[in-house]
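Note that this note's numbering has the sequence shown beginning at 3, numbered continuously upward.
Built from N, CA and C at the ideal position, the CB exists for glycine as well.
Some notes on the structure that comes next.
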Amino acid sequence: MCRSIKTLRPPVLPEEATEEEIRAAALQYVRKVSGFRAPAAHNREVFDRAVEAITEATAELLDGLEVRGAPATARGAAAG
């Protein structure tokens, strides 16, 4: 796994992950998988779509996770 992608849930992250943190993790993942730090113009659209899809999937994952022993966050409380 890419070492620059950090864990975005408690107790590793003391508060709720921001949209910016979630998107940064998605971007790092797409960069790692594709092998491109910045894609060529002909790959830009598919690269950007992948980042958006992974950002959404990550937010959904974090919304649905139940971390035992951790207090409910605003994100988790809104989903439940």
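Please go through the same chain and pick out, in chain order, the residues whose beta-carbon is closer than 7 Å to the beta-carbon of ARG33, but skip the five residues on each side of it. Close CB contacts of ARG33 within its chain, under the 7 Å cut and outside five residues either way in sequence, are with ARG39 (chain order).
Give me, in chain order, the residues of the same chain whose beta-carbon lies closer than 8 Å to that of ILE24; leave out the 5 immediate sequence neighbours on both sides. LEU10, THR57, THR60, ALA61 and LEU64, listed in sequence order.
Anyone know if the C-beta pair for ALA27 and VAL53 falls short of 8 Å? Annotated as distal: ALA27 and VAL53, with beta-carbon spacing of 8 Å or more.
Contact set for SER6: own chain, Cβ-Cβ below 6 Å, skip 5 residues either direction: Closer than 6 Å at the Cβ level, and outside the excluded window around SER6, lie GLN30.
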